[in-house]
Structure formats: C-alpha cells, structure tokens
Amino acid sequence: FELYKEHGSKGLTFAALCAPAIALAKDGFRVDPWLAADLRKEPARSRLMADPAARALFYPGGEPLSEGDTLVQPALALTLERYARGGQAAFYNGPTADALVRTLIEADQRSGGWVGNRHMTQADLAGYQVRVRKPLVGWFRGHQVISMGPPSSGGVALLQVLAILDGFPLDDDRNGVRRDRELGIEVAAEGAGFSARSAHWLIEAMRRAFADRAAHLGDPDFVEVPVDSLLAPEWIADRRISIGERADPGVQAWLPAAPKESFQTTHLSVLDRSGNAVSMTTTLNTTFGSGILVGDAGFLLNNELDDFSLAPGVANTYGLLGSKANRLIPGKRPLSSMTPTVVREGGGRVTLVIGSPGGPRIITSVLQVILRLLVYEQSLADAIAAPRLHQQWKPEWTRFEAGWPERLLQSLENQFGQEIRVEPDQHFGSVQAIRVLDSGEPQAVSDWRRGGHAALQR
17 FELYKEHGSK
27 GLTFAALCAP
37 AIALAKDGFR
47 VDPWLAADLR
57 KEPARSRLMA
67 DPAARALFYP
77 GGEPLSEGDT
87 LVQPALALTL
97 ERYARGGQAA
107 FYNGPTADAL
117 VRTLIEADQR
127 SGGWVGNRHM
137 TQADLAGYQV
147 RVRKPLVGWF
157 RGHQVISMGP
167 PSSGGVALLQ
177 VLAILDGFPL
187 DDDRNGVRRD
197 RELGIEVAAE
207 GAGFSARSAH
217 WLIEAMRRAF
227 ADRAAHLGDP
237 DFVEVPVDSL
247 LAPEWIADRR
257 ISIGERADPG
267 VQAWLPAAPK
277 ESFQTTHLSV
287 LDRSGNAVSM
297 TTTLNTTFGS
307 GILVGDAGFL
317 LNNELDDFSL
327 APGVANTYGL
337 LGSKANRLIP
347 GKRPLSSMTP
357 TVVREGGGRV
367 TLVIGSPGGP
377 RIITSVLQVI
387 LRLLVYEQSL
397 ADAIAAPRLH
407 QQWKPEWTRF
417 EAGWPERLLQ
427 SLENQFGQEI
437 RVEPDQHFGS
447 VQAIRVLDSG
457 EPQAVSDWRR
467 GGHAALQR
C-alpha cells in the first residue's frame with residue numbers, strides 16, 4: 017500500500033490492483049504439485065494440523081489437499097476486500113487486527129502460554145510503521161547494482177562478493193580456461209563458465225561475506241551497522257588479498273545445524289514499458305511460517321522471530337549465526353537474507369530485475385546468476401538453469417546442487433582443499449528475473465526449481 021501511495025499509476029486504483037488477488041481467494045485456484053508436496057511434509061504438516069483453522073482449510077477430512085484440488089479462501093477474500101477499500105489502516109485496525117490478536121491469544125492458551133506473558137494487543141499492531149530505507153548501490157563490470165540494505169543482509173553480501181571477485185581474472189575462465197588446462201587444473205565443461213579456480217574464489221568470497229554478516233549486521237534503527245566500512249575499497253582489498261590457493265574455513269570449536277531451504281518466500285520481478293522496475297521479496301520464513309492461521313481473516317502468521325540471534329553461537333533454522341547486533345529487542349526488525357536487486361547498465365537504463373526465495377541461498381543464487389550474465393555472457397535462461405553452489409561461512413563445507421562436473425568437484429577438493437557436499441535432492445533458490453537485451457526486448461525467466469511463472473503483456 018505504501019508503494020502504491022508513493023509510486024502507483026494515477027490510472028490504476030488500489031481497489032483495481034487488489035481485484036485479481038480477491039478473485040483468486042474467492043473463486044479458488046488449483047493446488048499445484050509444490051503446494052501439495054509441502055502439505056505432506058514434516059514438520060509443516062504437524063504445525064498446520066495442530067491449528068484448528070489451518071487444519072480445516074488445508075486438511076479437510078483430515079487429509080491434505082492434493083494436486084488438482086481447488087483451494088477456496090473466503091475469509092482471505094473478505095480481508096483483501098477490506099484492504100482494497102481502506103488500505104493499510106484496514107489491516108492494522110478493525111476486524112482484521114482484532115482477529116489476528118484473538119488468534120495469537122488462543123494459540124498461546126492452547127500451548128499453555130508463558131509465565132508472565134503479555135499478549136500482543138491491537139495497539140501493538142496500530143503502532144506498526146513501514147520503514148523506507150535508502151538502497152545500497154555498487155558497481156560491477158560497468159553495471160550499477162542496486163540492492164537492499166540492512167536489516168536485510170542481502171545487498172551488503174551481494175555487493176561485497178561482487179567487489180571481491182572483480183579483482184580476480186574471471187574473464188580467463190569464460191568458456192573453459194585454457195590456462196588452467198595448461199596448469200593441469202580441471203575446468204568446467206565448455207560453456208559452463210566456472211572453472212575449479214574461479215569456483216574456489218567464489219566460495220572463499222562468499223565465506224568472508226557471510227562471516228561479516230554474522231559479526232556486524234542487524235537493524236540499523238537499533239545498532240550501528242558499518243555498511244560503508246564493509247563495502248569500502250580498503251576492506252574489500254583486505255578480504256580479497258586474504259584468499260589464497262587453499263580453502264580457509266577458519267578454526268571453530270563447534271558446528272551449527274545444517275542450513276535448510278525456505279519454501280515460504282516469494283519474489284516478484286516487474287518491469288513496465290517505461291522502464292520502471294520493481295524487485296520485491298516477501299516471506300513467512302519457514303514452510304507455512306508458524307503454522308497458525310488467522311481463521312477469521314484467512315492468512316498465516318510468520319515465524320520471523322527465528323531470524324533473530326536468540327543466543328550467541330546458536331544457529332537458527334538456516335544454520336546462520338549472528339551477534340548482539342541481531343539480538344531480539346521489542347520493535348526491532350530481524351536480519352534477513354532477502355536480496356531484491358535492480359541492475360542498470362552504466363547507471364542508466366535498467367537491464368536486469370532479479371531476486372529469489374531461499375533463505376541464505378537467496379544471496380548466493382542471485383549472485384551466481386549475475387556472474388553468469390555479466391562475466392560468462394550466458395543467456396538469462398541458461399544462467400538461471402545452471403547448477404549452483406552455496407557457502408555461508410558456518411558450517412565450513414560448501415554445498416553443491418547436482419549437475420556440476422565431477423572432475424571440477426574433485427579438483428576443488430584435491431587442489432584447493434575445499435570440503436564438498438553434493439545435495440542431489442536439494443534446489444538452491446528460485447530466481448525470478450527480467451533481462452532487457454541491447455535491442456530493448458525484455459526477457460522474463462522463472463526458475464525451474466519451483467512453481468513460478470514468467471509473463472509478458474504487450
């Protein structure tokens with residue numbers, strides 16, 4: 017609603033903007049394979065089944081909705097209709113706010129509540145304000161990269177890794193590296209882009225960016241976040257110089273939980289005929305969030321508290337660590353990994369609108385697509401379809417999707433000392449992107465890894 021107020025077209029009312037969503041909620045939509053599968057998985061199934069309203073909506077008769085079933089959400093339709101008429105005030109005040117607070121009180125009562133617990137009130141909701149923050153801006157290969165700043169860590173990490181890698185001879189690796197072959201270092205298949213050497217640089221740059229994330233990032237309304245220092249040329253140079261020819265995981269006495277992929281984040285990339293671009297990421301955090309459905313209003317509640325650092329040295333659901341900068345404080349926004357990004361050629365025309373769901377793998381997914389486009393000159397479809405890797409400082413090992421050349425993985429292990437874990441059943445992110453060709457023709461691609469769609473309206 018705030019975006020509409022500040023940037024909405026005068027020819028489009030807010031009610032008209034909400035109409036398609038209202039129709040989907042009122043008339044229903046067919047359950048796709050991804051939703052059907054998520055409803056069968058644990059622990060999401062147990063969380064939803066424990067909530068009476070969620071159980072009635074998603075498990076009619078005690079069985080999960082199946083692919084092809086129609087999911088109708090009349091309560092959500094009414095909420096959206098109120099929102100369409102009244103905007104933000106109709107959500108944070110009135111019947112919707114009352115239903116939300118009532119649901120939380122009932123959920124606490126079912127679980128036994130906490131000693132001395134003070135429930136959320138209508139006043140808490142009414143006091144919520146959208147925070148508009150200045151985006152982060154960096155440069156890579158003659159392109160201006162615009163991304164989100166804290167309390168999201170995405171923009172800082174993305175710009176850090178791009179800046180670190182900009183000092184390495186990545187161009188030598190385009191379409192396979194003859195120089196590496198001469199040195200006896202195995203390279204990727206022709207056209208795949210990354211060699212073992214460039215993959216090593218990428219892993220180590222990711223490792224350093226995520227270490228900085230854990231140590232320094234949080235909500236700038238509550239803590240001083242040294243964004244300028246983290247992106248300063250001197251710091252970037254120090255980080256780059258520290259990357260040697262062998263893996264450098266650092267020494268830690270503990271190994272946090274392995275990261276898990278988030279399936280309840282959604283990303284939209286939008287570009288209109290005038291060149292206006294929107295890159296927007298929203299999330300419930302983990303699958304179906306808290307599993308608590310506001311029955312009278314039709315929407316699920318998130319479990320974003322998990323994104324705070326609840327205890328020093330203790331990993332969250334995604335295996336991420338944090339510091340006191342991200343500790344839980346009332347009114348504070350948690351650190352996230354969302355990386356909505358817009359790229360402009362020479363700081364002028366928009367050439368790329370990109371983002372992804374995927375927990376911390378959002379950052380590394382967006383990063384690798386940008387590298388494949390701007391360094392290895394792949395098409396948008398090929399860059400998104402290509403296999404991905406993920407390194408987040410802790411745990412020390414690097415995760416790989418299926419599809420990387422086996423000899424490249426062996427070279428990373430044997431010659432560069434990287435600890436490799438291939439996860440053939442895991443998909444990293446789901447990039448949604450629009451690229452504008454030199455001809456001005458837009459190309460939209462939705463990642464095959466999940467059930468997204470690309471659309472072009474002329």
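Under the numbering used here, the first residue of the sequence shown is numbered 17, with each subsequent residue one higher.
For glycine and all other residues, C-beta sits at the position ideal for the given N, C-alpha and C.
Computed from a predicted model, the values in this text were never measured in an experiment.
Under a Cβ-count criterion, where at least 16 other Cβ atoms within 10 Å of its own Cβ denotes burial, should residue 377 be classed as buried or exposed?
Residue burial annotation: residue 377 is buried, with at least 16 other C-beta atoms found within 10 angstroms of its C-beta.
Rounded to the nearest angstrom, what separates residue 204 and residue 443 at their Cα positions?
Per-residue confidence for residue 204 stands at a pLDDT of 47, beneath the threshold of 50, marking its modelled position as unreliable; the derived number appears in the next sentence. Between the alpha carbons of residue 204 and residue 443 lies a distance of about 20 Å.
Closest by CA to residue 472, which one among 137, 105, 166 and 460?
That would be 460, whose Cα lies nearest to the Cα of residue 472.
Looking at C-beta atoms only, is the number of pairs between the segment 338-355 and the segment 119-129 that lie closer than 8 Å three or more?
No, because fewer than three Cβ pairs between the segment 338-355 and the segment 119-129 fall closer than 8 Å, the two stretches do not touch.
Evaluate contact between the segment 303-314 and the segment 62-76, counting only Cβ atoms and requiring at least three cross-stretch pairs below 8 Å.
A contact exists between the segment 303-314 and the segment 62-76.
Express the C-alpha separation of residue 469 and residue 56 in angstroms, rounding to a whole number.
Residue 56 and residue 469: Cα-Cα distance of roughly 23 Å.
Best match in 138, 263 and 172 for proximity to residue 150 [C-alpha to C-alpha]:
Nearest to residue 150 by C-alpha distance, out of 138, 263 and 172, is 172.
Mapping the DSSP letters down to three states, classify residue 387 as helix, strand or coil.
Secondary structure at residue 387: helix, using DSSP grouped into helix, strand and coil.
Run through DSSP, which three-state label would residue 296 get?
It is a strand residue.
Considering only residues of the same chain and omitting the five flanking positions on each side of residue 131, which have a CB-CB separation below 8 Å?
Bear in mind that a pLDDT of 45 at residue 131, under 50, signals an unreliable position, so the model cannot answer this.
For residue 148, count the other beta carbons within 10 Å of its own beta carbon; 16 or more makes it buried, fewer makes it exposed. Which is it?
By the neighbour-count criterion, in which a residue is buried when 16 or more other Cβ atoms sit within 10 angstroms of its Cβ, residue 148 is exposed.
Which same chain residues end up closer than 8 Å to residue 458 when comparing Cβ atoms and leaving out the 5 residues on each side of it in sequence?
Cβ within range, chain order: 287, 450, 451, 452 and 472.
Taking only three categories from DSSP, how would you classify residue 259?
Coil, per DSSP.
Strand pairing of residue 232, partner residues [DSSP]:
Residue pairing from DSSP leaves residue 232 without any beta-bridge partner.
If we ignore side chains and look at the alpha-carbon of each, how far apart do residue 412 and residue 292 end up?
Residue 412 and residue 292 have their C-alpha atoms some 41 Å from each other.
Alpha-carbon to alpha-carbon, residue 417 and residue 114:
Whole-angstrom Cα-Cα distance: 45 Å.
Tell me residue 86's beta-bridge partners as DSSP assigns them.
Its beta-bridge partners are 46.
Can you list, in chain order, the residues of its chain with a C-beta nearer than 6 Å to that of residue 394? Leave out the 5 residues immediately preceding and following it.
Once the five neighbours on either side are set aside, the close Cβ partners of residue 394 are 388.
How many Å lie between residue 65 and residue 175 at the Cα?
Their backbone Cα atoms lie some 42 Å apart in a straight line.
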